[in-house]
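>
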Amino acid sequence: RAKDEGGGTHREYEPSLHANAEERRQLEHSLRHALERDELVLHYQPVVDARTEGVVSFEALIRWNSAEHGFVSPGKFVPLAEDTRLIVPIGTWVMQQACREAAAHWPANVRVNVNVSPEQLLEPDFVATVVRALSESRLDPKRLEIEVTESIFLRDASVARKALEECMAIGCSIALDDFGTGYSSLGYLRKLKFSTIKVDRTFVQGAAQQSPESIAIIRAVVAMADSLGMTTTAEGVENEEEAAMIRGLNCTKIQGFHFGRPMPASDVRAILSRQAEEWRLKSA
Ligand code: C2E
Ligand code: MG
Ligand code: MG
Ligand code: MG
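Under the UniProt record's numbering, think of the first position of the sequence shown as 483, with each following residue one higher.
#1: In whole angstroms, what separates the C-alpha of P746 from that of L668?
#2: For ligand 2, list every residue whose C-beta falls under 7 Å from any of its heavy atoms, going in chain order.
#3: Does F551 come out as helix, strand or coil in the three-state DSSP assignment?
#4: Please classify K735 as buried or exposed, where buried requires at least 16 other C-beta atoms within 10 Å of its C-beta.
#5: Comparing alpha-carbon positions, which option in E627, D682, L658 lies nearest V538?
#6: Using a threshold of 8 Å, state whether the C-beta atoms of R751 and H511 are closer than that.
#7: Expressed to the nearest angstrom, what Euclidean distance is found between the alpha-carbon atoms of G557 and T566?
#8: Just checking my contact of R701 with L731 at CB under 8 Å: how many whole Å lie between their CB atoms?
#9: Report the residue from R672, R533, R514 whose alpha carbon sits nearest the alpha carbon of F559.
#10: With DSSP as the reference, identify every bridge partner of L658, one or two as the case may be.
#11: I need the straight-line Cα distance from E632 to V681, nearest angstrom please.
#12: How many angstroms separate the CA atom of Y526 from the CA atom of M577?
#13: Given this structure, state the Cα-to-Cα distance separating E521 from E564, to the nearest angstrom.
#14: Pull up the CB-CB distance for N597 and E629, whole angstroms please, since I reckon it's below 8 Å.
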């Protein structure tokens, strides 16, 4: 994943992309046709309540199976899509697809999280795209949480903020993704009422390895979120040890391989209908 570095002008790529301009050019060419060739698909990863471990949401995560390049990881092609602005049509497709899936196949108490890049957010018709995805799918806007990273504030902060405020006005919520890894400024937390702060996996790992700094940072983020009326999600929890640590630090929600990997929509439907069945049996 490309993280904006301090200055906001230069970005880091996977070494392979950096080293090989020709590969990048070919990848870009293929990416231009990925949508029309139906090569893109969404997987969904559960987000669970830290206390009950019940599923509260699924995060939509894009996957690309390219005819020419095979499976390409989002860490590789999302930055490329951002650079070429292909992320705009791709992002519109993601929004429509995720809203449709959630509205048609998930219970009303399960939300959907959708990642949005700065390039999308800064498009003048971004909000219209969200409104259309919601109305076409008939998804209750309260069930849509838009995930953005701190990098949205590096460019045109006021435009980004206005777009997100308009999304909030129609009922959506906003999560601040990968918190603590970008160009963090606490001032953003004052300007925009995020519903959730997602604590980056690096802190989760650090905490589980008893790093006093990581533990202190998570504690501080949780306390700050609490007093700002925001919730927290710990990202990338891979095992019971990490889950226990996170529970102890009172994060609201947990996401990670320990509770479920990103999976195809059909697997999500199967899990949710099994849960509904168990619930019916219990309450019968
Ligand atoms: P993200 O939004 O922070 O998503 C979480 C990433 O962490 C996902 O990587 C997920 O598979 C991975 N992950 C979840 N749990 C664990 C765990 O326990 N351990 C480890 N090691 N990793 C875990 P993924 O799917 O490769 O996506 C990478 C990034 O690409 C995402 O980071 C997001 O920034 C971007 N991305 C993915 N889908 C979209 C999309 O539809 N639109 C946009 N604009 N960006 C997307
Ligand atoms: Mg995310
Ligand atoms: Mg994240
Ligand atoms: Mg992350």
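Beta carbons are placed, not taken as given, at the ideal position from N, Cα and C, and that holds for glycine.
Well, looking at it:
#1: 36 Å
#2: E541, N595, N597, E629, D659, K680
#3: According to the sequence displayed, residue 551 carries His and not Phe. Three-state DSSP puts H551 in coil, outside helix and strand.
#4: buried
#5: E627
#6: no
#7: 15 Å
#8: 6 Å
#9: R514
#10: V630, I679
#11: 12 Å
#12: 13 Å
#13: 18 Å
#14: 5 Å
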